[in-house]
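Engineer: Below you'll find the structure I mean.
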Amino acid sequence: MATQICPNCGENSFTWNIDDEISEFTIWSCYKCEYQAFENEKNQRNCQNCGRKTETKLKDDKKEYWWCSNCNSKSEIKSKL
0 MATQICPNCG ENSFTWNIDD EISEFTIWSC YKCEYQAFEN EKNQRNCQNC GRKTETKLKD
60 DKKEYWWCSN CNSKSEIKSK L
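Going by numbering that gives the first Met the number 0, the sequence shown opens with residue 0, and the numbers climb by one from there.
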């Protein structure tokens, strides 16, 4: 499986797996910094930076953000109060 650039540490060590016993979502994990985020594959859109449909919404224990697997851009989603 190909690795991606980790949105947390910037290393080429970010990969995904699916484990229905842990979560209904795709689990993205970095094997360098141990960062973990969850992806709901229903939340994809064209990247606002590169224009390709490779931007997906990731959520970790602190924030939710859009991340593009093509150009590695990310934009945090501000919570509505």
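Built from N, CA and C at the ideal position, the CB exists for glycine as well.
#1: For Ser-68, count the other beta carbons within 10 Å of its own beta carbon; 16 or more makes it buried, fewer makes it exposed. Which is it?
#2: Mind checking Gln-3: buried by the 16 CB within 10 Å criterion, or exposed?
#3: Please go through the same chain and pick out, in chain order, the residues whose beta-carbon is closer than 6 Å to the beta-carbon of Arg-44, but skip the five residues on each side of it.
#4: Any idea if Cys-49 is buried or exposed, counting beta-carbon neighbours within 10 angstroms, 16 or more meaning buried?
#5: Nearest-angstrom Cα distance between Lys-73 and Cys-32?
Structural biologist: So, to answer that:
#1: Buried, because 16 or more other Cβ atoms sit within 10 Å of the Cβ of Ser-68.
#2: With 16 or more Cβ atoms within 10 Å of its Cβ, Gln-3 is classed as buried.
#3: Non-local C-beta neighbours of Arg-44 in its own chain, meaning closer than 6 Å and more than five positions away in sequence, comprise Glu-54, ordered along the chain.
#4: Exposed, by the Cβ-count rule.
#5: If I take the Cα positions, the gap works out to 18 Å.
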